[in-house]
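Some notes on the structure that comes next.
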Amino acid sequence: METSPNTPWFRTLHWQIFIAMALGILVGRLGGSAAASKVAWMGQVFVSLLKMIIVPLVFTSIVKGVGSVGGGLGLGRLFGKTMGYYVLSSFLAIAVGLLFVNLIQPGVGADITGAAKAELPELEAPNSVGDLLLRMVPTNVAASAASGDMLGIIFFCILFGAAIACLPDSSRESVLNLFDGAFQAMMTLTGWIIRLAPLGVFGLITRVVGETGFEAFQALALYMLTIACGLTVHMFITLPILLIVLGRINPRIHFRNMLEPLTMAFSTSSSGATLPVTLRTVETKVGVSNRVSSFVLPMGATVNMDGTALYECAGALFIAQVMGAELGLAQQGLVVITALLASIGAAAVPSAGLVIIFLVTDAVGLRGPEVELIVGTMFAIDRPLDMYRTAVNVFSDSCGAAIVARSEGETGVDAA
């Protein structure tokens, strides 16, 4: 939904989403599960619509972008900058989480046996770095698209785009024009779906508040505060510093331009479902070229999970504190490395990070029914934390796109 400077505030999309969130909280609190069951379908339909366009949007976007970049040094340079930023931002997020969990120590003396244990969702987690690499190479591209295997899809699209870049000029232009037309059509479809965001957000928030309530939060209040503080520092201090130092970008302008994707990410708890909105906003409002955004953002939605990385590290140390296990400097270093790799393998779906946390705890020898009980209890209050860390994930992706674009000589990024 495009707006002009003279558009009334109540007609701008981000304000409509904020109002929908407030109404969802009110209706969910007053109406409980009965109200949630009546309006939850709106949120489910909205998320399904977003997921419906992810694969064709990512496919057309990456192929067009990589084909435009060209093969060889151009593609290698863009890939190196992108991965360099993602590793740096994720590492800084983990360091922030490590700092706060050691400073606040929310698990020391905590008694969470009275909190409700929730049933963990089924989610296949990679067991090693080798598994992550194997997942990148799809044996059947159509099957990867049908199952939503974004790593495999991205890998194929990058190779396919590079192959197009190596074609003779006449053939390359013909193929790129085809994918450019398909991409523009997908962006138009994305705009139609985004207009339904307030209704979808209302249904999602009403369901969360109506079914979860606030009682389970009290038992783990200090833990929630620790994670929230870490995410806040990373989002409002660490990432803005990266924008200033690496991109010479005003963080306030970037925040303002990214309001719609951030509210969408907070509502859906899925950076993957938010990707269509992120792509559209980063190009139309932030001012990043399709050449950069189509390469950086889909990869970021899959491998760059700053909020998840912070959560993995802090959550694992919280579990150790609850169990009375002392983790030394070397063991905490192992947690940092494992959390970084686990965040890369985390699916871009709600609460994936909570399931992947078993990889991190297992790396330092924390396993067994006690760990499962604690993680199950953590899941009972995970939704608001998941909403926040998803917004951090999406904001980090957008910062990466803006920084890489500036490094590539683009001058119109976050200009106003």
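Just so we're aligned: 357 in the working numbering is position 361 of the sequence shown, and the numbers increase by one with no gaps anywhere. The beta-carbon is built from N, C-alpha and C at its ideal position, and this holds for glycine as well. Just so you know, these numbers come straight off a predicted model, no measurement behind them.
Taking C-beta separations shorter than 6 Å and ignoring five residues to either side along the sequence, the partners of Ala193 in its chain run Ile13, following chain order. Residue environment: Cys395 is assigned as buried (16 or more neighbouring CB atoms within 10 Å of its CB, all protein chains considered).
For Gly206, the closest of Ala326, Thr407, Ile21 and Ser403 by C-alpha to C-alpha distance is Ile21. When only Cα atoms are considered, Ala312 and Val83 end up about 20 Å apart.
The C-beta of Ala397 has 16 or more other C-beta atoms within 10 Å across all chains shown, which makes the residue buried.
Here the C-alpha atom of Ile353 lies approximately 13 Å from the C-alpha atom of Ile90. Note on the region 255 to 285: whole alpha helix (DSSP H) runs with a minimum of 4 residues are 255 to 264 and 267 to 277, in chain order.
The three-state reading of DSSP puts Glu368 in helix, counting H, G and I together. In the displayed model, Asp410 falls within coil according to three-state DSSP, outside both helix and strand. When only Cα atoms are considered, Gly199 and Ser33 end up about 9 Å apart. The C-alpha of Leu235 is placed about 30 Å away from the C-alpha of Met182. If you check the CB distance, Phe262 and Ala387 come in under 8 Å. With fewer than 16 other Cβ atoms inside 10 Å of its own Cβ, Ala30 counts as exposed.
Excluding sequence positions up to five before and after Val43, its CB lies within less than 8 Å of the CB of Gly196, Leu200, Thr264, Ser266 and Ala269, all in the same chain and listed in chain order.
Within the same chain, Val388 and Phe391 come within 7 Å of Met231 by CB-CB distance, once the 5 residues on both sides are set aside. A direct Cα-to-Cα measurement between Ile223 and Thr304 gives close to 10 Å. Using a C-beta cut-off of 8 Å, the region 306 to 321 makes contact with the region 91 to 107, since at least three inter-stretch Cβ pairs fall below that distance.
Restricted to the region 124 to 180, the alpha helix (DSSP H) segments that are unbroken, complete and at least 4 residues in length are 125 to 132, 137 to 143 and 146 to 161, listed in chain order. DSSP places Ile240 in the uninterrupted alpha helix (DSSP H) bounded by Leu235 to Gly243. Contact check between the region 166 to 183 and the region 41 to 61: three or more CB pairs, one atom from each, fall below 8 Å, which counts as touching.
The Cβ-Cβ distance between Glu256 and Leu46 does not fall below 8 Å. If the five residues before and after Ser85 are omitted, its C-beta is found closer than 6 Å to the C-beta atoms of Asp302 and Ser392, all from its own chain and listed in chain order.
Take the alpha-carbon of Ile49 and the one of Thr186: they are about 7 Å apart. Counting along the chain, no alpha helix (DSSP H) covers Leu216, and no H or E run does either. Excluding its 5 nearest sequence neighbours in each direction, Leu293 has C-beta neighbours in its own chain below 7 Å: Leu271, Thr274, Leu275, Val278, Asp393 and Ala397, listed in chain order.
Thr8 carries a coil assignment under DSSP once its states are collapsed to helix, strand and coil. When Asp145, Val171 and Thr259 are compared, the shortest CA-CA separation from Ile15 is found for Thr259. Residue burial annotation: Leu88 is buried, with at least 16 other C-beta atoms found within 10 angstroms of its C-beta.
Here Asn246 carries a coil assignment [DSSP, helix/strand/coil]. The criterion of a C-beta distance shorter than 8 Å is not satisfied by Leu325 and Ala316. DSSP, read as helix, strand or coil, puts Arg402 in helix.
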